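Some notes on the structure that comes next.
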Amino acid sequence: MKQTLGCLIYIVYLLIGLVALAAIMGGLEDWIGIPWYIVIFIALPVAFIPIVRTVLGIMGAIHSFGWSPTFAIIFFCWPLILYLIGTLVIGIEDLVKRNW
0 MKQTLGCLIY IVYLLIGLVA LAAIMGGLED WIGIPWYIVI FIALPVAFIP IVRTVLGIMG
60 AIHSFGWSPT FAIIFFCWPL ILYLIGTLVI GIEDLVKRNW
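0 is the number of the first residue of the sequence shown in numbering that gives the first Met the number 0; add one for each residue after it.
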């Protein structure tokens, strides 16, 4: 089960990375005005920097894809949101175990 879930999370994270790459490329094409075959050489290295990828992915999705800011933020920040929820659940569980 752990291996299947880990593989599924990896595949989903990879797909989100590809969407982020497309959003970054679309955003750069709109902002700078250069063709996609030049933009890809700028967007590929940027897509490997997690914080920059997230911020530019959100901005590109809003500007190029026409997504709402809320949806773009949730779509690109879901790993952080899940991490925070997991940390909160583990912290509450630990707190309850200490008090009982």
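Cβ atoms here follow ideal geometry from the backbone N, Cα and C, with glycine treated the same way. Everything numeric in this text was worked out from a predicted model, so none of it was measured.
Check                                                                                                                                                                                                 : Outcome
Going by C-alpha distance, which of H62, P49, I50 is nearest L27?                                                                                                                                     : H62
First and last residue of the alpha helix (DSSP H) that includes G59?                                                                                                                                 : 49 to 59
If F64 and A19 are in contact, beta carbons under 8 Å, what's the gap, nearest whole angstrom?                                                                                                        : The pair is not a contact, with the Cβ atoms about 11 Å apart (cut-off 8 Å).
Whether or not the stretch 51 to 60 and the stretch 88 to 95 are in contact is what I'm after, with contact meaning three or more pairs of Cβ atoms, one per stretch, closer than 8 Å; do they touch? : no
Using 10 angstroms around the beta-carbon of V38, count the other beta-carbons present and answer buried if the total reaches 16, otherwise exposed.                                                  : buried
When you compare each of G32, Y36, C76, I31 to V51 by their alpha carbons, which one comes out closest?                                                                                               : C76
Any idea what DSSP makes of A46, helix, strand or coil?                                                                                                                                               : coil
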